[in-house]
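Peer 1:
Numbering (this note's numbering), first residue to last: 2 to 372.
#1: Give the secondary structure of residue 165 by DSSP, where H, G and I count as helix, E and B as strand, and everything else as coil.
#2: Out of curiosity, what's the CA-to-CA distance linking residue 324 and residue 293?
#3: Write down the C-beta distance between residue 150 and residue 165 rounded to the nearest angstrom, noting that I regard them as a contact closer than 8 Å.
#4: I'd like the ranges of any beta strand (DSSP E) spanning at least 3 consecutive residues and lying wholly in the stretch 222-254.
#5: Considering only C-alpha positions, which residue in the set 279, 211, 296 is nearest to residue 192?
#6: Mapping the DSSP letters down to three states, classify residue 142 as helix, strand or coil.
#7: Does the Cβ-Cβ distance between residue 205 and residue 220 come in under 9 Å?
#8: Please list the segments of the beta strand (DSSP E) lying wholly inside the stretch 293-340, counting only runs of 3 or more residues, in order along the chain.
#9: With 16 as the cutoff for other CB atoms within 10 Å, does residue 121 come out buried or exposed?
#10: Since residue 168 and residue 153 should fall inside the 8 Å C-beta cutoff, what is the C-beta to C-beta distance between them, to a whole number of angstroms?
#11: Skipping 5 residues on each side, what residues in its chain have a beta carbon closer than 7 Å to that of residue 315?
#12: So is residue 138 buried or exposed if we call it buried at 16+ other beta carbons inside 10 Å?
#13: Can you list, in chain order, the residues of its chain with a C-beta nearer than 8 Å to that of residue 136? Leave out the 5 residues immediately preceding and following it.
#14: How many whole angstroms separate the CB atoms of residue 229 and residue 286, which I take to be in contact at a CB cut-off of 8 Å?
#15: Are residue 85 and residue 130 close, meaning C-beta to C-beta below 9 Å?
#16: Out of 171, 223, 233, 170, which has the shortest C-alpha to C-alpha gap to residue 197?
#17: According to the neighbour-count rule (16 or more other Cβ atoms, all chains shown, within 10 Å of its Cβ), is residue 38 buried or exposed?
#18: Compare the Cα-Cα distances from residue 266 to each of 307, 347, 249 and report the closest residue.
#19: Mind checking which residues open and close the alpha helix (DSSP H) that includes residue 81?
#20: Taking residue 159 as part of the beta strand (DSSP E), name the residues at either end of that continuous run.
#21: In the DSSP output, what is residue 273 paired with across the bridge?
#22: Residue 236 and residue 247 look like a contact to me (Cβ under 8 Å); what is the Cβ gap, rounded to whole Å?
#23: Which same chain residues end up closer than 7 Å to residue 296 when comparing Cβ atoms and leaving out the 5 residues on each side of it in sequence?
#24: By the DSSP assignment, the beta strand (DSSP E) with residue 127 in it spans what residues?
#25: Once DSSP output is grouped into helix, strand and coil, what is the label at residue 260?
#26: In chain order, what residues of the same chain lie with their CB nearer than 7 Å to the CB of residue 334, ignoring the 5 residues before and after it?
#27: Under 8 Å Cβ to Cβ from residue 304, same chain only, skipping five residues before and after it: list those, please.
#28: To the nearest angstrom, how far is it from the Cα of residue 231 to the Cα of residue 200?
#29: If you draw a straight line from the C-alpha of residue 332 to the C-alpha of residue 185, how long is it?
#30: Residue 322 and residue 310 look like a contact to me (Cβ under 8 Å); what is the Cβ gap, rounded to whole Å?
#31: Mark residue 328 as exposed unless 16 or more other C-beta atoms lie within 10 angstroms of its C-beta, in which case mark it buried.
#32: Identify the residues that DSSP records as bridge partners of residue 176: which are they?
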């Protein structure tokens, strides 16, 4: 007994030394500090005038391409509707991408190409689809193998290339080579891609959350999976600074800038940072549109039920949709009567178009609708 006591004491003493040493090691480890990201010259030259100060408290993390989960393919009959007759790409108009939509020459533009006043063949390859947008200076092509290629302006990473340099010829979108792309949509400075499994990837300008990745990281330069886990998506669309997706069950989702009610969530998202400065509550992840209404001339509003959306299209700051009962809805910016409601008021939620009540609407292959 007397011989074992010193051994026990020695063991306890050693254990205490180990614990103290480990504690000291933890204290000596340097505290990890967040690395402040300096703006590149390109980003500074093209920075948006829109204030995103309202999102200072948002969680901003480095966004990387997420592993693609094993998912089932969309139904074959549905996939066949995306396989359009292939053709060659012709192009006309301005082809100096850094000047498109601008009145003065952008900084760093060394060469201004002449405008094309007639259509010219752009490449000799065949493509199933060519996509651009109302205010975009970039385009996406889907080739015969269902791969996405993009070209044009890229200062916000909307082409999926991290160097932010303008791309003059169609180039495979980085990170999407292993996926089959069946549809794409272009916003002012962001892009959405739809795969044959109903997943959506986004890249480009994200200051208003229009890439739908769950934050307002200013630039998403690599195609990134949306922060969405609902039913498979069957259609994507982009406004200037907002986006929409439609799932296989007929539910419509929106995200991004809510300034004119274009998201359809019954709000324009405005709030005051100070007594003189205004900002917006951006939707950074897809949010379902749940309210569709009809409104009388007297202004009485009645919610509508049994809405299943089958098609939609986006303008810069407004949208139009058709449901399974051939009813047309429009909402968002109402200037110049673009919503078709015989008034120029903005609509915060989808409002049925009375003019089409007793008329048959037909879906089109391309986004939109017609009588």
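Even for Gly, the Cβ is constructed at its ideal location relative to N, Cα and C.
Peer 2: So, to answer that:
#1: Residue 165: coil per DSSP, three-state reduction.
#2: The straight-line gap from Cα to Cα measures roughly 11 Å.
#3: Contact check for residue 150 and residue 165: beta-carbon distance about 18 Å, past the 8 Å limit, so the pair fails to qualify.
#4: Restricted to the stretch 222-254, the beta strand (DSSP E) segments that are unbroken, complete and at least 3 residues in length are 234-239, 243-248, listed in chain order.
#5: It is 211 whose Cα lies nearest to the Cα of residue 192.
#6: Assigned with DSSP and collapsed to three states, residue 142 falls in strand.
#7: Between residue 205 and residue 220, the C-beta spacing is below 9 Å.
#8: The DSSP assignment places 294-296, 302-304, 310-315, 319-324, 329-333 as complete runs of the beta strand (DSSP E) inside the stretch 293-340, in order along the chain (cut-off: 3 residues).
#9: With fewer than 16 Cβ atoms within 10 Å of its Cβ, residue 121 is classed as exposed.
#10: Right, the Cβ-Cβ distance comes to about 7 Å (below 8 Å), so this counts as a contact.
#11: Around residue 315: 238, 239, 240, 245.
#12: Result: buried.
#13: These residues qualify, in order along the chain: 102, 188, 189, 241, 317.
#14: So it is a contact: roughly 7 Å between Cβ atoms.
#15: Taking 9 Å as the Cβ cut-off, residue 85 and residue 130 qualify as a contacting pair.
#16: Measuring C-alpha to C-alpha distances from residue 197 to each of 171, 223, 233, 170 identifies 233 as the nearest.
#17: For residue 38, the predicted model reports a pLDDT of 41, less than 50, meaning its position is unreliable and no value from the coordinates is stated.
#18: Closest option to residue 266, Cα to Cα, is 347.
#19: First-last of the alpha helix (DSSP H) with residue 81: 77-81.
#20: Careful: residue 159 lies outside any beta strand (DSSP E) and carries neither H nor E.
#21: In the DSSP output, where bridge partners are listed per residue, residue 273 has 279.
#22: Rounded, the Cβ-Cβ distance is 4 Å, consistent with contact.
#23: Apart from the 5 residues on each side of it in sequence, residue 296 sits with its Cβ closer than 7 Å to the Cβ of 302, 352 in its chain, given in chain order.
#24: For residue 127, the uninterrupted beta strand (DSSP E) segment begins and ends at 117-132.
#25: Coil at residue 260, not helix or strand.
#26: 261, 263, 318, 319, 347.
#27: The beta carbon of residue 304 lies closer than 8 Å to those of 292, 293, 294 in the same chain, with the five residues before and after it left out.
#28: Their Cα atoms are separated by approximately 10 Å.
#29: Our two residues, residue 332 and residue 185, have alpha carbons roughly 22 Å apart in a direct line.
#30: Contact holds; Cβ gap of about 5 Å.
#31: Residue 328 comes out buried.
#32: Answer is none; residue 176 lacks a bridge partner.
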